[in-house]
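Remarks on the structure that follows.
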């Protein structure tokens, strides 16, 4: 910068300062004295540019000087902005005109908010939060770890209030090296200053002992060597652990445990058509979804106040898993730090394969949410579309709900509380009322032209069906192209392609018809004898899902159904036990039902007795469905033409 230009900028800054001071109550002379006192502390200039850490340090430096001067709040703005130069000075001129429009008195806090929006944006702050969540001592000394912890802690609002010092201590302790954490953990220190001091002492003691042991062992000690083994299919060792066992001669025993995980399944490159759409099957979703024509909103019952609940208690292993998943969600920007008055508790639920799913307990929020009226498709109706199909592909979307954004104004309502902070979802979370309907609406919208032709959609499951392999190539390519254009992603390991028989929504579908999925029936077969009305209702609900496969289901289940009535005492007798066992047996021997063809004639066989009325709907001599009393009564009111279209009507009964 030339001397003339520097002098011009200083003159301009002084003119600005003089103008601002003239607006206050202090005389100009006092303002000059205050400026002299401020400049004696040698504050740094801030010139702008992308330097987030530098921006934060500059504000911290200026505020330290304010504290030393005991500077009044009304004088901070003039002094602080005096140190802006070049691009930063020009930015503040424009921002000041915008903020002060309408005669608003600008404060230092208002300046800081605008300043950080410009020079320390939200994405940088989120990265700092992620860095804080992942922070561990590693090779750092306790003093270095504590300094970095305090620096990053400033970016996580949850840890910056006295009320959560306990959580701050837990977070700090969890990042310590195991040898220090093992000693500190027993003390359960919940004062942060004391915890850091004790950890530093342990760290220094440990270093002293290590130096002693090195001196005793000497330099000429035999060492084991690890040679790298390479070969076809080799993988790096994972899950390494170190076990130390001290003895009188100070030897140490090291053990390494390794585990290998080989991922099976077909490779993308070997699947026809699918290999053309590799970008639809990423390893993971690493960013926010694009803005879509459908967003998730939460409409509350009028007069509802924010609801906040305390976090649930978790074990150490659960806390470690929670921390890990929070880090991943923050990195993907699916969640962000929150100051919302709402707050739901968190729990971890084990999946089938053994991993843990992060679940938010939104039950209280759901109670005050207005339910939408978007209908989810009946499973029977979806199955009836598949008549004549012999080639199938099943696509499972990756983190389906997380591919829809939450409306900006409703993000605070998704807030949840954890031991590691307060967060809110920017994408549609699991467990909230209306989420399935919203996602189903979006899927039906983008696949509208292909429904009832070669696509079945149920929430985040997509089934592509065709009558020939040539057709299937075209159909599969269309579906994958839609996913590509809409930036919707699928999980390859859960998808299946080019099948003659497919398991979908609890049914096994093939060219021969539709059958009960043996994997689902297994849950019914393992069901123990019900001991309450609630357990009976659960069993009937699960077994009733397959009632179309069981002849005389209503009559068979009658003893159990009677026990669910309000005025009925719970007495488990021989009839109940017989009913319970018969239903389980029938599910294991359930027939394969053909799918209805509207072009063919239908035949209804009825059977009446004192216990009830039942029937069978047939076509071409094969069973379509076992009918209940209500469905038969509806048939009696149909005309001949309506009866010919029974394949579509019967399932709406």
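In UniProt numbering, the protein residues as written are 1 to 653. Glycine is no exception: its CB is placed at the ideal position from the N, C-alpha and C atoms. Nothing here was measured: the structure is a model prediction, and the numbers come from that model.
Return helix, strand or coil for residue 420, following the three-state DSSP convention. coil
Boundaries (first-last residue) of the beta strand (DSSP E) holding residue 465: 461-466
In the structure shown, what three-state DSSP assignment does residue 425 receive? strand
Within 8 Å of any Cβ in chain C, is that where the Cβ of residue 566 sits? Going by chain labels, chain C is absent from the structure shown, which holds only one protein chain.
Return yes when the Cβ of residue 87 is within less than 8 Å of the Cβ of residue 49, no when it is not. yes
Which residues DSSP lists as bridging residue 457, in chain order: 462
Can you tell which of 509, 397, 275 has its C-alpha closest to the C-alpha of residue 388? 509
Would the stretch 127-134 count as touching the stretch 298-318 if we require 3 or more Cβ pairs under 8 Å? no
What does DSSP give as the partner residue(s) for residue 405 in the beta ladder? 427
Where residue 371 falls: helix, strand or coil (DSSP): Residue 371: coil per DSSP, three-state reduction.
Option nearest residue 587 by Cα separation, candidates 119, 41, 335, 527: Relative to residue 587, the option among 119, 41, 335, 527 whose CA is nearest is 527.
Among 540, 436, 497, which one has its Cα closest to the Cα of residue 390? 497
Considering only the beta carbon of each residue, do residue 333 and residue 288 sit closer than 8 Å? yes
Here's a check: name, in chain order, each residue in its chain whose Cβ is nearer than 6 Å to the Cβ of residue 217, leaving out the five neighbours to either side. Summary for residue 217: the model assigns pLDDT 46, below 50, so the residue's position carries little reliability, and this model does not support an answer.
Nearest by alpha-carbon distance to residue 82: which of 58, 70, 140, 386 is it? 58
Rounded C-alpha distance that separates residue 175 from residue 138: 8 Å
Simplified DSSP state of residue 681, which is helix, strand or coil: Nothing can be reported for residue 681, as the shown portion of the chain is limited to 1 through 653.
Indicate the three-state DSSP secondary structure (helix, strand or coil) for residue 235 in the structure shown. Because residue 235 carries a pLDDT of 36, less than 50, the predicted location of this residue cannot be relied on, and the following value inherits that uncertainty. Residue state, collapsed to three classes: coil.
Given this structure, state the Cα-to-Cα distance separating residue 581 from residue 562, to the nearest angstrom. So the two alpha carbons sit approximately 16 Å from each other.
What residues in its chain sit with their C-beta under 7 Å from that of residue 69, if we drop five residues either side in the sequence? 37, 38
For residue 572, three-class secondary structure by DSSP: coil
According to DSSP, residues forming a beta bridge with residue 343: 308
According to DSSP, simplified to helix, strand and coil, what is residue 527? coil
From the DSSP output, in three-state form, read off residue 177 for me. In the structure shown, residue 177 sits in coil (DSSP, three-state: anything other than H, G, I, E or B).
Residues that residue 400 bridges to, as DSSP identifies them: DSSP output for residue 400 lists no bridge partner at all.
How should residue 301 be labelled, buried or exposed, when 16 other C-beta atoms within 10 angstroms of its C-beta is the threshold for buried? exposed
Give a yes or no on contact between the stretch 147-158 and the stretch 349-359, applying the rule of three or more CB pairs nearer than 8 Å. no
Short Cβ contact (8 Å threshold) for residue 134 with residue 321: Taking 8 Å as the Cβ cut-off, residue 134 and residue 321 do not qualify as a contacting pair.
With 16 as the cutoff for other CB atoms within 10 Å, does residue 286 come out buried or exposed? exposed
Buried or exposed: residue 64, going by 16 or more other Cβ atoms within 10 Å of its Cβ? Label assigned to residue 64: exposed.
For residue 172 versus residue 149, is the C-beta spacing smaller than 8 Å? In this structure, the beta-carbon distance from residue 172 to residue 149 falls below 8 Å.
How would you call residue 166, buried or exposed, if buried means at least 16 neighbouring beta carbons within 10 angstroms? exposed
To the nearest angstrom, how far is the alpha carbon of residue 554 from that of residue 464? 34 Å
Any contact of the stretch 344-355 with the stretch 442-452, i.e. 3+ C-beta pairs under 8 Å? no
In this structure, what does DSSP give as the bridge partners for residue 499? 392
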